[in-house]
Structure formats: structure tokens, C-alpha cells
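In the numbering used here, the protein residues as written are 1156 to 1271. Where a beta carbon is used, it is the ideal one built from N, C-alpha and C, also for glycine.
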Ligand code: FES
């Protein structure tokens, strides 16, 4: 039987985030890429590791939109991922994990759910 524990990680203050870009948030040994789209006033979080060559790089990727779907392109080989579904938009089989984000009293929280 699998049990789930939901934890909200206090990542940073809103004013500490990079506008229209990403930052890397440490969660123990894990790294999470946090993105802030100021034009849309939307936040997204994904794993920081690019699944293509296992580079911890997505937080430094180029952000944008593909037919209104927010995306990030890995800075190494430009593979592109949806920030909503994590799907690779470059046609590859790899995908990335995404995390819910919420803002409360000026603090950005990332939902890190664990299965036991
Ligand atoms: S390491 Fe990210 S696209 Fe190759």
C-alpha cells in the first residue's frame, strides 16, 4: 500500500524570483526549477534536471510560449518542455516532473509530494 505525504516547500519571496525566468530551489538533495511569468502572473515548477543528458540546467533555460502553452528550453541542446504537463515538445519520449505552486503572503510555495 502506498501512502502519500503532501508538503509545501517555502521556496523564496516573490520579490526574490527572476522575472520571466527561472531560479533553482534546493529541496534536500533535489533541485527544483521555479519559473515566474510576470506577463501572465503565473508560476511553474519542474525538476531542474534535463532528462536528455542529466544536466541540472532547466532553471537557466529560455522561457516562452508555444501556442499559449508556457515552456522552457534547456540551455544545452534546446530540447523544449511544457511547464504545465512536463511533456517534451521537441518530439522526444522524455518528460519532466512538474509541481504545483501557490503564493501566500508574498512567499512562493512548491508542493513536493512524496510516496512511501
Ligand atoms: S542536456 Fe538538456 S537538451 Fe540536452
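query, result
"Those residues which DSSP pairs with residue 1185 across a bridge", "1182"
"DSSP state of residue 1237 mapped onto helix, strand, coil", "strand"
"6 Å CB neighbourhood of residue 1255 in its chain, flanking five on each side removed", "1266"
"Rounded straight-line distance, which links the Cα of residue 1174 to that of residue 1225", "14 Å"
"Three-way DSSP call (helix, strand, coil) for residue 1220 in this model", "strand"
"For residue 1258: DSSP bridge partner residues", "1263"
"With 16 other Cβ atoms within 10 Å as the buried cut-off, status of residue 1253", "buried"
"Residue 1160 to residue 1182 span [Cα, whole Å]", "15 Å"
"Coarse secondary structure for residue 1164, derived from DSSP in three states", "strand"
"Heavy atom of the ligand FES within 7 Å of residue 1210 beta-carbon", "yes"
"Among 1257, 1232, 1167 and 1227, the one whose alpha carbon lies nearest that of residue 1208", "1232"
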